[in-house]
Amino acid sequence: MSKKPNKSAWGRRGRRTSNPEDKHYFGHDDRVGRTSSGTCGNRRRVSFKPQGRLGRDVSRSLTLALDDDIPMAGTSNNNNRQVIVRGRNRGLSRGRNSPLPHRAIRTGILSTPQSLPAGETNWYKITIPYGAKYTKDYILSSLNSIASEAFVPIMYKTSGNEASFYVDSQKAASILLHCDRKITTTNGFKLRIKIKLGFPQCEISDALKERLKQAMVKRYVQETNALDLSKFHHDPDLIADYFCALSRPIMLMAVLDIVSEYVPTLEALNLDGNKLYMIEKLDVLYKKFPRLKILYIGDNKIKEISQLDAIKELQLEELRLTGNPVSNRYISRQNDYISGVRKIFPKLLRLDGIELPRPILFDVANDTTKVPHTQRLFVTDVKAQDIASQFLQQYFIIFDSENRHPLLDAYDEHARFSLTVINNQNTEKLSAYLSENRNLFRVNNNNKRQKLLKQGRLPVLSFIIELPRTKHHLNTFTMDISVINQGMMLITVTGLFDELNNKGDQLRYFNRTFIIVPRGNGYCICNEQLHISLPTEEQCKKFITDNFSAQMSNVPSGSKSSSEIRSLQLTEDVKQKMALTLSQETNMNSEWSLKCLEEVHWNYENAILAFQQLFKHGQIPSEAFTK
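According to the UniProt record's numbering, the sequence shown is numbered sequentially starting from 1.
Shown next as structure tokens:
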């Protein structure tokens, strides 16, 4: 199939097409044993032990050294001289033919140009003895002046007399190892280079989170709603002070949490070149970024197509795997490669930059029969909309006031009113309405049904006055006008309101249906049905998010730093509603719900995750559930 040009979603960064770290370097040992005269003979010493597993054979060699009797005066190759080698660490002697490994190998530190041990992600610590005597610029410029290729030093530090930093590839470490003793310092000493496998610990602090936000702001492309996190551990704003390798799960989760907090609608994510070898942790992508369509995870350490099962919930249209061992295995079997990936992502249209034939799916109907987005308003007559909007605005202003008596004029003399409460929820939380509940699924007696139907404007007003005080949230309202004629209008209004009582504000959902008729110069209600229920979890989350977004919109336009966003405080009203929602979902009391939200800095999703984890391990005390 033809390869079409790929327009990158990552702005100027583009994407990498080659990975120099995929090269392998092999060494062999041509040294020969000495003869009894001390000269090199023609007989080659042959070892069948793999030379790349030095670290794994250390314990075995030590055991042999301690358990076996080693002849010190004579050897199997007729060397009659007794050889004792004493290093600086006196007390541990090693003969030329001793099975004890070299001291450098025992400590994991290499200071001679030989094959380096390889790890899963190939992180190496570079140590320069007495390097603290010189400036960072002097050390790095000296190394760069003789290194065959450029390298990226990460977390350059000095401790005591030593200087150290980290590099992220076996090739870079090998290049630096070849610089050992080849640099003469200003005071005439040779610069030593020691290398061992290892990486620093990842510790997530508030200071680091702030730096991560600043770094990611520069990597976000607003025009394409894309975030480029490729080779994140090389970010110039981070490498001096922090080890930000996304191959470490704790760092990956911290970064994804920050992104989901500020860009939950992300559509494209680039994770190329991050040494990812266990991508199971990426299973959170679907929950954090449900709109994600483009994912780049090339130049990593992914070995099997089956590993992609961890992210199969994503509805990906484009995926990049180039540079992973798994893609290299299928170079001559591209059809199998495409088929295997498409079994996991059936809607994929582009793989490794190549356009794929459009998939034949049996769920095509799903795309054409999707439920349309909910509209807040449905009306076929603009004039009717103006009348209904003005009428309802006046009605709810009075309904939420301390005096509802003026609503007498809003009802027809023969008006009818009924209240219903849903019967499959926690009725205890709706106890204020249960005595007047006319839900026909629960009230079977015809006489009681008739009694619960309020008839006449005075009985209706008396009932409305007795209802708990409320505060309706107009920004949550929807309005449909389904019937319009000269004699009437049928209006349905839904939304959220706060029930104001001594226990604190309680969020409620309502659905009110009005039939209004013209009377004199205005309109009045001749029939009304009020339905009340608890809001769903999604409604609560949307309400909290919308309130937070409303506060964000009040911040002056222009560039906002992450510190300004973080310092933006939620109102007490929003905090109380978040605590109430969390209390309803977890059954914790208000005090502990507030405590939980405060400790996760008012991130509702993190509060739920923290509760679930602690509850699973039985770490939440019983008083948290005492109400």
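Virtual Cβ for every residue (Gly too), placed ideally from N, Cα, C.
- prompt: With a Cβ-Cβ cutoff of 8 Å, do LYS301 and LEU276 count as a contact?
  reply: yes
How close, in whole Å, do the beta carbons of ARG457 and LEU408 come, if the pair is a contact with beta carbons under 8 Å? 6 Å
Taking Cβ to Cβ, would you say VAL421 is nearer than 8 Å to ASN445?
-> no
Can you find at least 3 beta carbon pairs, one from the region 265-276 and one from the region 285-299, that sit closer than 8 Å? yes
Given this structure, state the Cα-to-Cα distance separating ASP573 from ARG508, to the nearest angstrom. 15 Å
Going by C-alpha to C-alpha distance, which of TYR138, ARG211, PHE477 sits closest to PHE378? PHE477
Practice task
Can you grab the Cα-Cα spacing for the pair MET489 / TYR395, in whole Å?
Solution key: MET489 and TYR395 have their C-alpha atoms some 16 Å from each other.
Same chain only: Cβ atoms within 6 Å of ARG53, ignoring 5 sequence neighbours per side
With a pLDDT of 45 at ARG53, under the threshold of 50, the predicted position of this residue should be treated as unreliable, though the coordinate-derived value follows. Answer for ARG53: no residue qualifies.
Worksheet item: Do the region 207-225 and the region 126-145 make contact, defined as three or more Cβ pairs closer than 8 Å?
Response: no
Please report the distance separating the alpha-carbon of GLN315 from that of SER169.
Those two C-alpha atoms are separated by around 33 Å.
Start and end residues, alpha helix (DSSP H) containing THR586
From DSSP, the alpha helix (DSSP H) with THR586 extends over 572-586.
Suppose the cutoff is 7 Å on Cβ atoms and the five residues either side in sequence are ignored; what does the same chain contact list for PHE497 look like?
THR470, LYS471, HIS472, HIS473, ARG508, PHE510
Among the candidates LEU534, LYS196, GLY160, whose CA atom is the shortest distance from the CA of SER174? LYS196
Checklist line | Those residues which DSSP pairs with ASP498 across a bridge | finding: LYS471, LEU507
Check whether LYS125 and SER164 have beta carbons under 8 Å apart = Pairing LYS125 with SER164 gives a Cβ-Cβ distance under 8 Å.
Roughly how many whole angstroms lie between the Cα atoms of LYS448 and LYS312?
For LYS448 and LYS312, the gap between their C-alpha atoms comes out near 54 Å.
Open item on the list: Using the three-state DSSP reduction, which class does LYS218 fall into: helix, strand or coil?
Closed with: helix
Which class does LYS196 belong to by DSSP, given the choice of helix, strand or coil? strand
Taking 8 Å as the limit between beta carbons, can you name the residues of its chain near HIS24, skipping five residues before and five after? Low local confidence applies: a pLDDT of 36 at HIS24 is under 50, so the model's placement there is unreliable, with the coordinate-based value given in what follows. Cβ within range, chain order: n/a, list empty.
How many angstroms separate the CA atom of VAL85 from the CA atom of TRP123?
-> With a pLDDT of 34 at VAL85, under the threshold of 50, the modelled position of that residue is not reliable, and no figure is offered here.
Restricting to Cα atoms, I'd like to know which of ASP180, VAL152, SER159 is closest to ALA240.
VAL152
Inset, instruction - May I ask you to report which of helix, strand or coil DSSP gives VAL483? - result: strand
Closest to THR536 by CA distance: which of ILE397, LEU580, ALA610 is it? LEU580
Exercise. In chain order, what residues of the same chain have a beta carbon less than 8 Å from the beta carbon of ARG211, not counting five sequence neighbours either side?
Worked result: ASP237, LEU238, ASP241, TYR242
### Message
Measuring alpha carbon to alpha carbon, tell me which residue in MET578, MET278, GLU402, ASP257 is nearest ILE465.
### Response
GLU402
Can you tell me whether MET253 is helix, strand or coil according to DSSP?
helix
**Asked** Cα separation between ILE146 and LEU321?
**Response** Approximately 35 Å, taken between the alpha carbons.
- Task: Quick one: using the 10 Å Cβ neighbour count with 16 as the cut-off for buried, is THR626 buried or exposed?
- Result: exposed
Look at GLU528 and ARG512 and say whether their C-beta atoms are less than 8 Å apart. yes
Point to revise | Closest Cα partner of GLN375 within the set MET479, LEU351, GLN214 | key: MET479
| field | Rounded distance between the beta-carbons of LEU356 and ILE338, thought under 8 Å | value | 6 Å
Practice item. Could you round the C-beta distance between SER327 and ASP352 to whole angstroms and report it? I think they count as a contact, below 8 Å. Key: 7 Å
- Query: Would the beta-carbon of VAL460 fall within 8 Å of that of ALA415?
  - Reply: yes
| Rounded straight-line distance, which links the Cα of TYR156 to that of LYS577 | 47 Å
**Message:** Please confirm whether PRO129 has its beta-carbon closer than 8 Å to some beta-carbon of chain D.
**Reply:** Absent from the structure: chain D. Only one protein chain is present.
Which residue spans inside the region 248-327 form an unbroken alpha helix (DSSP H) run of at least 4?
249-262, 285-288
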